[in-house]
Each structure stands twice: as structure tokens, then as C-alpha cells.
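Trainee:
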Amino acid sequence: MKIRLMTLIIAILVIFAGIAAAQEVDFTPSYTKSLMSDELISFDKIIFIKRQTYHSSHFYTDFIDGCSRFGGNLCVLDLKSGKVVDLVPEMKDGIFGRFDLNFDSKRIVFDWKQGEAKGFRIYEIDIDPKTGSRLGKVRQLTSPPADEQARIKKYDNHRNGNTARMYYHQTDDMHPCYLPDGGIVFTSSRCEYGTLCDAPDHLSTAVLHRIDGDGKNMEQLTRSPVSEFAPSIMEDGRILYTRWEYVDKGQLGVKCLWAMKPDGSGSSEVYGNNITFPPTFLHGRQIPGESNKFVMLGTPHFPQSGIGTIIRIDTTKNIRTREPMTYITPYVDIRQEEGWNQYEDNGWHRHERGPLYMDPYPLSEKLFMVAFNPDKEWDHPTAYGLYLLDDRGKHQKIYSHPDYSSWQPTPLRTRKRPPVLPLIRDENLAKKNLAECIVTDIYQGMEGIERGEVKYIRVMEQIPRPWDCRQFWGGIAHTSLISKDTALAAKAMHGIVPVYKDGSAHFYVPADRNVYFQALDENFMELQRERTYVNYRPGERRSCVGCHETPNQAAGNHGVTIAMTKPAVMPGPQPGDKTGQQVMHFPSYVQPVLDKHCIKCHSGDKPKGDLNLTGEMTFIFSKSYENILDKGLIETYREASDWGGTPYSHPKTIGSHASKFITAIRKGKQHKDLNLPIEDFAKLATWVDASAVYYGSYWGRRKIEHKNHPNFRPVPTFEEALSTVCPLPVEKR
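Residues 6 to 738 in the numbering used here are what the sequence shown spells out, letter by letter.
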């Protein structure tokens, strides 16, 4: 096998010279016995997981549909003797997921799944760092919620088959990682959110949580609508993790690296928020001693995309480009949503076999430990072994098992404990569940917008889709549709705040919400949109430089801004609204404006412009809504079908300024006498800028066949729209 693989890879790299790939390289991967003698190998034991390979349908579904091959262990390998010891033999019949070694190398935390319909839970053991022997009993740190069986009974749809076949909608606690303050961060499905693009609700979201070292005081750190995975700790004490998101962006290329403080505050992009390929950046780790260099996996969106190619990134370069990326394994790439590409036979070809990689652990920026599959199918149960890999492509095999794959090689040695970051928050604000935001100069980074154009910031929220919106009627369970091919998530407005003439602003935002901003002109039309969100934590104070800033962008010398001399303000109402808190619900927010000003011309058998703007209900929406969208009168993002990537959008290229519908109302000759009051026009513009969603919540029956049911298309209150609990009990839905 070694000779076969070496011949294959050498052939690949000989013809690779001069071919455009991730970067120009002169790279000849091969096998060697010299890497183990590197001075960086200052340890003699490795901890790893032995487990047969997951066979998951997507990068985020290991815990959903990847777990049918039970058995394995958490192990210690002695590099001198080659001896392997199972640390928890009493748990050998379950599935071991991921683990972390504490900074003092005396404890290991790991996640483990006992069996079908059992969620992953977090456990901890003590270990002797010198001998690698386990000390004492296993401690279970997380347990199922008290109502776990009732939850499974309510949401289980595994009999539907396909991606649902192995998932009972239990809760799962996974990917534990020690924090410098003694706590543990992990990802969990306890949030009970469904994956936005999955209408049958087979798939689920997992977001970051934390517990104290003894398992107490569990806290959800974010409300991210789609999944967060693989936390690791940076040397500055922050959490590095993968965050999947799409706010008015296609779903393809937005699984990127983020960082946050251990309390969830200060979240910021590290790399890749608008990079298309590879579609997923996973299992990122900081390179030792290099504050701006990281290693990660580039993987597909599906199938099990924790497997892919190894990439080093340098965030001193432009993080909104591919420039920071150096492919350590350039003969493997991902150039589409599904599957892997490998360079062979004078070109790139789609493949589902090795060489494929997992779990890069950086010993330096040039030397890594990895899990490696030389040539077998991607989900072969025993394909992956432990290897050393250097940046010249040399591989040295460390260990493999005949009956299992081996994962996550980690040196058994102490590490310097990162600093414990101080908890900085305003307790009075925290009690009100608010955070404070300061914008220094909104014009910085906003191309083509003249100073003085921006008058307001609109505070918006993307709402996660809860499990509890599952529809239990009409055959196979499914979830509520929000729009006709625009946004996948419901949206709400918290109000507007003033922008001063120097471009500064000072205001409050709701905490623990997925908040994003829109810069507005005097007519409440969006000039530019923030196509990502921030989970502000209670009592958090943070500032931003301007629009389209990157985390390492420094503020210019603005001196004392006007906003700094003003007290923070709460988001307030737009004209015509009694409160800033509005549900983006077309039937109650937009249709009354159309009824008042439009249907006298745009109704009947021959409406003007062949545009019917009546609120007459259709199968799942209304005639006015479908006419506006079907005729292309709204320029918006299509989150479920945008495969063209997520490039930066210039001001006024999307939303109300780019909308034929709004332009016709404002400037069309046929509407010159319309004189639409600003309070009505603002509603139309706001709806367009909210990606033209139809429903303002996930609750209620949609299909016209249910029109006589009491729960048919209810008009949600603001509180109901944001709630994760249905306003009605199951029997009344």
C-alpha cells in the first residue's frame, strides 16, 4: 500500500507543477521515517480516539445520521513501545466523539454516545501525565434533560428514512473543550433549533454552550440559527470555532472560523465569511506561538465533511480573500458543494476516496499530526490512521488499527494555560438583557455613499427556527415556510436609531439575539446591509469602526465623535409605528398599505400592468406577494438556492434602492400623483429590505386547505414571533 500510494502521489505532484491550484507550489509528498526525529517531538505519548468512521450525510450531522458503528475507545499510544492502552474500557461499546486534554495534562474531557436514541454526553477522567494511566472513576458532567423521553416522543421522525433514519431528536452534548477559567465549552442541540434549509426537520442545529468544571451552571452562549462546532482555545484565551451562517447570503460558502470570549461576548470573524470554496472550514487550531496563523480543514458541505484537505491560514492578509490560504495538501481540494476533488491524470477529478485528511494538530506552522486515509473510500470503517505531515508533503505513519479508524492525535504533554479574560459587562444593562453599541463612522468602508446620506441604523434580527414549530398534520411532519425563495429565517425589527452627521451612533441592542444592522437614508431605504449577525451578550459593550470592517481593521483618528457625547438610545419606531418592535409579516405589515393605495388600480380581472396586488389568499401565500416576487420586482438574496457564492455586495445593489417595485412607487410616471405618506412608504421599503419575507413567525397552518382551522395563518405578536415555544398546545395547532 505504501509503494502504491507513494507512486500515486509523486505522479500527481510531478504533473501538478505549473497547474493553477490553491497556490503555486513545488511540493513532493512522500513517506519518510525522519519526521519523528524532529525536535518538536518532545513527547512520548499520544492520546487519540479509536472509532469506526462516521458515515454522515452532511458536515454537521455526525450526531444525527453518522452513528451506527458502535465500539471504540479513548486511547493512549506509547511512541517508544508502540503499546496502546484503552483508557475507558467500561465504555467500549459506545461511540467516542471528540476530546480535549486539560492544560496541565491531568484530565481529559470527552463526549460519548451509549446507544441508539441516546444523546452524546460529556464525561471526564483523570490521567497520570507521566505514565498515561487513568486515575479514578469516570465522571459524567452532562445528563439528559429531565423531559428527554417526552422530547423524543414528540419530535422523533426517524421512521421517515433518509437523513432522519438514525435520529430520534434527543439532545446531544459534543466537542468539549477546556477553558482557561476551569469551565468547559461544548456544542449542543439543547437549543432545539432546526436547520433552516431542512423543511422536513430531520436535521438539527447545535450551538455553543458552557458549563463549570463540575458540570454545573450550564449556559447557552449563542442563538445561532445554524450550527457551531469544534471549539479550541487560542493563546489569548478566546474560543476559536466553526460557525455556519447565512443572513441574506446563499447557504454554500458560509461555514467559517470565528472567535469569542469564554462568556460568549466579543464574537468576531477570524476567516472566511464570504469565501465560496472550500464550502466549510472546520476543526481550526491556532499554530503555537503564532497569533495570526491557524490550521484548519477545508471540507465539502456533504457528505461527512469533517474530512478534507489541510489548509494553513495567515490572517495578517486580507481575510475576505483566498490570499491567507496555503494548502498543505494541495492535491486535495473541494471545488463544489458536494464531495472532494483530487489532482491526478493531468487534471482535477471528483473522488470519494483517499488521500483525505482529518484532525490537523499543529506542532508548528510546518509540522502537523493528522488523521489520514491514503486510498480507501471516504467512509470506510477503518481507513484512517495517525500520521505526521510536514509542509513539504512528507508523511510518516504513527499508528493504525486493523478494526478501527484512529482520530484526533494529541500529544500527552502540558500546555501553557492561556489568560483568563476578565468579565467585562455592565450589570445594570445585563439585568435589562441589553447590550451597548458604538459606531465610530458608518461611512468608513461604505463605497459610493456621500457623507450625510445615512440618517438611521435599523436594528434587525434573524430568528432561529425552533423544533416546536414542527407541523404534526398533513402526513409527513414538516416546518413552516417563511418566504417564496428569499430568506429561510423569519425576521423582526427592533427599531431605528439616529446616525449623527459625522457618521457616529450610540445605542442599545437586545442581548442574546442574532442582531444585524441596515444603514438607511432619509426615506428609510436601505443603503447597505450587514450580512452577518452578532450575538451580543447581556451587559456587553462593543464598538465597530464602520461598514464592512474586518476584525483587525483599526479605527481612524476620529477624535471625539458626536455619539460619544450623547447617551445611548433605545431603538425607536419608524414613522407610523407605535413601537420600534415590528414583526416582518406581509399580511399585517404590508398588505394594509397595498389595500389603501394600490388595489383600486391593481385588482380585478384586468389589473393595471397585469399586477394584482390584492390580499386574496393563494395555496400558501397571497396574490399580491406572489405577483411582486414572480414578476421580479424585488431584488433580494435567495438563501436556499444561491450557489454562486457570497461576494461582497456594494451599497444600493440589493433591497429597496434596487427594487423595481419601490422605484415604480417613487419615480414611475403612472404613480406621480400617488403621494404615498412616509409612514406607508417606510413599511414597503422595510419589508423589501427584510428580504421580502411573507410570514413573520414559524407558527400556524399555512395551506389554504386549512383556512377554517382556528390556527390558520395567525398574525403573530412580537413576543410570539421571537419565542421558541408555540403559543398553542399541540392539540390546538
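Beta carbons are placed, not taken as given, at the ideal position from N, Cα and C, and that holds for glycine.
With a cut-off of 8 Å on the beta carbons, I'd call threonine 419 and aspartate 91 a contact; round off their distance for me.
Mentor: On the sequence shown, position 414 is the one that residue 419 refers to. On the sequence shown, position 86 is the one that residue 91 refers to. Rounded, the Cβ-Cβ distance is 23 Å, inconsistent with contact.
Trainee: Can you tell me the Cα-Cα spacing of serine 410 and valine 720, whole angstroms?
Mentor: As a working note, residue 410 is residue 405 in the sequence shown. As a working note, residue 720 is residue 715 in the sequence shown. Near 53 Å, if we compare the C-alpha coordinates of valine 720 and serine 410.
Trainee: Contact defined as beta carbons within less than 8 Å: I believe proline 386 pairs with proline 360. What is the distance between those atoms, to the nearest angstrom?
Mentor: Locating residue 386 in the sequence shown gives position 381, where the first residue counts as 1. Locating residue 360 in the sequence shown gives position 355, where the first residue counts as 1. Their Cβ separation, rounded to whole angstroms, is 18 Å, which puts proline 386 and proline 360 out of contact at 8 Å.
Trainee: Just reading off the alpha helix (DSSP H) that arginine 156 is part of, what are its end residues?
Mentor: For the purposes of this step, residue 156 is taken as the residue at position 151 of the sequence shown. Residues 153-160.
Trainee: Can you grab the Cα-Cα spacing for the pair aspartate 364 / methionine 374, in whole Å?
Mentor: Counting from 1 along the sequence shown, the entry for residue 364 is found at position 359. Counting from 1 along the sequence shown, the entry for residue 374 is found at position 369. So the alpha carbons of these two residues sit roughly 8 Å apart.
Trainee: Using three-state DSSP, classify isoleucine 501 as helix, strand or coil.
Mentor: Working through the sequence shown from its first residue, we reach residue 501 at position 496. Here isoleucine 501 sits in strand by DSSP.
Trainee: So does arginine 164 have its beta carbon nearer than 6 Å to some heavy atom of the ligand HEM?
Mentor: The ligand HEM is not among the ligands present in this structure, which contains no ligands whatsoever.
Trainee: Distance check for phenylalanine 282 and valine 143, CA to CA, integer angstroms please.
Mentor: In the sequence shown, residue 143 corresponds to position 138, counting from 1. In the sequence shown, residue 282 corresponds to position 277, counting from 1. So the two alpha carbons sit approximately 41 Å from each other.
Trainee: With DSSP as the reference, label tyrosine 198 as helix, strand or coil.
Mentor: Counting from one through the sequence shown, the residue named residue 198 turns up at place 193. Strand, per DSSP.
Trainee: If I follow the unbroken beta strand (DSSP E) through aspartate 67, where does it start and stop?
Mentor: The residue labelled residue 67 in the question sits at position 62 within the sequence shown. Segment 67-70 is the alpha helix (DSSP H) holding aspartate 67; no beta strand (DSSP E) there.
Trainee: Could you check where the beta strand (DSSP E) with serine 193 kicks off and where it finishes?
Mentor: Locating residue 193 in the sequence shown gives position 188, where the first residue counts as 1. That run of the beta strand (DSSP E) goes 189-193.
Trainee: Where does alanine 211 sit, in a helix, a strand or coil, going by DSSP?
Mentor: Along the sequence shown, read from residue 1 onward, the residue named residue 211 stands at position 206. Coil, per DSSP.
Trainee: Going by DSSP in three states, phenylalanine 53 sits in which element: helix, strand or coil?
Mentor: Counting from 1 along the sequence shown, the entry for residue 53 is found at position 48. Of the three classes helix, strand and coil, the one that applies to phenylalanine 53 here is strand, per DSSP.
Trainee: Note the first and the last residue of the continuous beta strand (DSSP E) segment covering histidine 288.
Mentor: In the sequence shown, residue 288 corresponds to position 283, counting from 1. Segment 285-291, the beta strand (DSSP E) holding histidine 288.
Trainee: Run through DSSP, which three-state label would glutamine 675 get?
Mentor: On the sequence shown, position 670 is the one that residue 675 refers to. Helix, per DSSP.
Trainee: Does the contact criterion of 3 or more C-beta pairs under 8 Å hold for the stretch 481-494 versus the stretch 192-203?
Mentor: Short answer: they touch.
Trainee: Under the three-state reduction of DSSP, which class applies to proline 236: helix, strand or coil?
Mentor: The residue labelled residue 236 in the question sits at position 231 within the sequence shown. If DSSP states are grouped into helix, strand and coil, proline 236 belongs with the strands.
Trainee: Put methionine 569 into one of helix, strand or coil per three-state DSSP.
Mentor: Position 564 of the sequence shown, counted from the first residue, corresponds to residue 569. Three-state DSSP puts methionine 569 in a helix.
Trainee: Comparing C-alpha positions only, which one of Glu343, Trp249 and Arg243 sits nearest to serine 296?
Mentor: Reading the sequence shown from its first residue, position 291 is the one you call residue 296. Considering only alpha carbons, the answer is Arg243.
Trainee: On the criterion of 16 or more Cβ atoms from any shown chain inside 10 Å, does tryptophan 478 qualify as buried, or is it exposed?
Mentor: One-based indexing of the sequence shown puts residue 478 at position 473. Label assigned to tryptophan 478: exposed.
Trainee: Taking the straight line between their C-alpha atoms, what separation do you get for phenylalanine 125 and arginine 103?
Mentor: In the sequence shown, the residue the question calls residue 125 occupies position 120. In the sequence shown, the residue the question calls residue 103 occupies position 98. Cα to Cα, phenylalanine 125 sits roughly 10 Å from arginine 103.
Trainee: Can you tell me the Cα-Cα spacing of glycine 551 and tyrosine 276, whole angstroms?
Mentor: For the purposes of this step, residue 551 is taken as residue 546 along the sequence shown, with counting starting at 1. For the purposes of this step, residue 276 is taken as residue 271 along the sequence shown, with counting starting at 1. Answer to the nearest angstrom: the Cα atoms are 19 Å apart.
Trainee: If contacts are defined as beta-carbon pairs under 8 Å, then proline 612 and arginine 228 qualify, I think. What distance do you get, rounded to the angstrom?
Mentor: Stepping through the sequence shown from its first residue, residue 612 is reached at position 607. Stepping through the sequence shown from its first residue, residue 228 is reached at position 223. Incorrect: roughly 42 Å between the Cβ atoms, too far for contact.
Trainee: Aspartate 98 and arginine 112: beta carbons closer than 7 Å?
Mentor: In the sequence shown, counting from the first residue as 1, residue 98 sits at position 93. In the sequence shown, counting from the first residue as 1, residue 112 sits at position 107. No. Outside cutoff.
Trainee: So, under 8 Å CB-CB, tyrosine 332 and isoleucine 312 are touching, yes? Tell me the CB distance rounded to an integer number of Å.
Mentor: Translated into the one-based positions of the sequence shown, residue 332 becomes position 327. Translated into the one-based positions of the sequence shown, residue 312 becomes position 307. Going by Cβ atoms, the distance from tyrosine 332 to isoleucine 312 rounds to 15 Å, so no, they are not a contact pair.
Trainee: Do the stretch 495-509 and the stretch 567-584 make contact, defined as three or more Cβ pairs closer than 8 Å?
Mentor: The answer is yes - the stretch 567-584 touches the stretch 495-509, with three or more Cβ pairs under 8 Å.
Trainee: What is the DSSP secondary structure of histidine 655, counted as helix, strand or coil?
Mentor: As a working mapping, residue 655 is identified with position 650 in the sequence shown. Histidine 655 falls in the coil class under three-state DSSP.
Trainee: When DSSP labels each residue in this structure, what does arginine 404 get in the three-state scheme?
Mentor: Position 399 of the sequence shown, counting from 1, holds the residue named residue 404. Checking the displayed sequence, the identity of residue 404 turns out to be tyrosine instead of arginine. Of the three classes helix, strand and coil, the one that applies to tyrosine 404 here is strand, per DSSP.
Trainee: Determine the extent of the alpha helix (DSSP H) in which lysine 688 is found, giving its start and end residues.
Mentor: For the purposes of this step, residue 688 is taken as the residue at position 683 of the sequence shown. Segment 683-694, the alpha helix (DSSP H) holding lysine 688.
Trainee: Where glutamate 631 and lysine 266 are concerned, what is the direct C-alpha to C-alpha distance, given to the nearest angstrom?
Mentor: By one-based count along the sequence shown, residue 631 stands at place 626. By one-based count along the sequence shown, residue 266 stands at place 261. The alpha-carbon atoms of glutamate 631 and lysine 266 are separated by roughly 44 Å.
Trainee: Tell me whether asparagine 78 is buried or exposed, calling it buried when 16 or more other Cβ atoms sit within 10 Å of its Cβ.
Mentor: Taking the sequence shown and counting its residues from 1, the one referred to as residue 78 is at position 73. With 16 or more Cβ atoms within 10 Å of its Cβ, asparagine 78 is classed as buried.
Trainee: How is alanine 26 classed by DSSP in three states: helix, strand or coil?
Mentor: As a first step, residue 26 is located in the sequence shown; it is residue number 21 there, counting from the start. Residue placement at alanine 26 is flagged as unreliable, the pLDDT there being 38, under the threshold of 50; the coordinate-derived value follows with that caveat. Reduced to three states, the DSSP call for alanine 26 is coil.
Trainee: What separation, rounded to the nearest whole angstrom, lies between the Cα atoms of alanine 235 and glycine 289?
Mentor: Here residue 235 refers to the residue found at position 230 when the sequence shown is read from its first residue. Here residue 289 refers to the residue found at position 284 when the sequence shown is read from its first residue. Taking the straight line from one Cα to the other gives about 7 Å.
Trainee: In the DSSP assignment, what residue or residues form a beta bridge with cysteine 606?
Mentor: Position 601 of the sequence shown, counted from the start, is the residue given in the question as residue 606. BP columns for cysteine 606 are empty, so no partner.
Trainee: Counting along the chain, where does the alpha helix (DSSP H) carrying proline 592 start and finish?
Mentor: Mapped onto the sequence shown, residue 592 falls at position 587. Note, proline 592: alpha helix (DSSP H), 591-594.
Trainee: Which residues does DSSP list as the beta-bridge partners of tryptophan 353?
Mentor: Stepping through the sequence shown from its first residue, residue 353 is reached at position 348. In the DSSP output, where bridge partners are listed per residue, tryptophan 353 has Tyr348.
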